[in-house]
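Residue numbers (this note's numbering): 60 to 196.
A virtual CB, placed ideally from N, CA and C, is assigned to each residue, including glycine.
Remember, it's a predicted structure, so these values are computed and weren't measured experimentally.
Right, one structure below, let's go through it.
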Amino acid sequence: MSTHELTELPPGRQPALRVMPMPRDTNMHGAIFGGWMMGQVDLAGAAEAMMVAQGAVVTVAVNAFQFKEPVFVGDVVSFYTEPLRIGNTSVTIKVEVFAERNPEAVQVVKVTEATLTYVAVGADGKPRTIPPRKTAP
């Protein structure tokens, strides 16, 4: 049993992205390319950042990226996001990635963790202020 293995996905949370990697996404050892994972993490993080920024964002930094376990063809990969810091024009997003494997006896494995920073941009491509978050009534 992996040190990152769980019995279920994070309860009470919805993933920003769920995807199943395909054979074309594998390296010569049969695991999914790290670059594929990095691209998917950026997509999930950007989706969260766009919600926070209420508009377009650009990736400006990958602050941390840790591969914990390999991902394989057939795994269902779920990306969970959470804003860590919201600044005037930037937002830092934490992304946690879990793989569900072995459909007969499902195993959930935490495979990746990352933090990325995005900057809100206007139509001119220049940084813009992030509007205050709307609070529920």
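* To do: Using only alpha-carbon positions, find the residue among Pro129, Val178, Gly94 that is nearest to Ala106.
  => Stepping through the sequence shown from its first residue, residue 106 is reached at position 47. With distances taken between Cα atoms, Ala106 lies closest to Val178.
* Asked: Roughly how many angstroms separate the alpha carbons of Gly94 and Leu143, rounded to a whole number?
  -> Mapped onto the sequence shown, residue 94 falls at position 35. Mapped onto the sequence shown, residue 143 falls at position 84. Straight-line Cα distance between these residues: approximately 24 Å.
* To do: Please state if the CB of Leu76 and the CB of Phe138 are separated by a distance shorter than 8 Å.
  => Stepping through the sequence shown from its first residue, residue 138 is reached at position 79. Stepping through the sequence shown from its first residue, residue 76 is reached at position 17. Yes. Within cutoff.
* Let me know the secondary structure DSSP gives Arg187 once reduced to three states. => Against the sequence shown, residue 187 aligns to sequence position 128. If DSSP states are grouped into helix, strand and coil, Arg187 belongs with coil.
* To do: Give every residue of the same chain whose Cβ lies closer than 8 Å to the Cβ of Arg192, excluding the five residues on either side of it in the sequence, and list them in chain order.
  => Numbered from 1 along the sequence shown, position 133 holds the residue referred to as residue 192. Hits under 8 Å: Val111, Ile145.
* Asked: Does the distance from the CB of Thr140 to the CB of Ala103 come in under 8 Å?
  -> Taking the sequence shown and counting its residues from 1, the one referred to as residue 140 is at position 81. Taking the sequence shown and counting its residues from 1, the one referred to as residue 103 is at position 44. Their beta carbons are under 8 Å apart, which means Thr140 touches Ala103 by this criterion.
* Closest by CA to Lys185, which one among Gly133, Val121, Thr148? -> Translated into the one-based positions of the sequence shown, residue 185 becomes position 126. When only C-alpha atoms are compared, the closest one is Thr148.
* Over what stretch of residues does the alpha helix (DSSP H) that includes Ala105 continue unbroken? -> In the sequence shown, residue 105 corresponds to position 46, counting from 1. Taken as a continuous stretch (DSSP letters only), the alpha helix (DSSP H) holding Ala105 covers 93-112.
* **For Thr176, the nearest candidate out of Asn122, Met109, Gln113, Met96 (CA to CA)** => As a working note, residue 176 is residue 117 in the sequence shown. Nearest option by C-alpha distance: Asn122.
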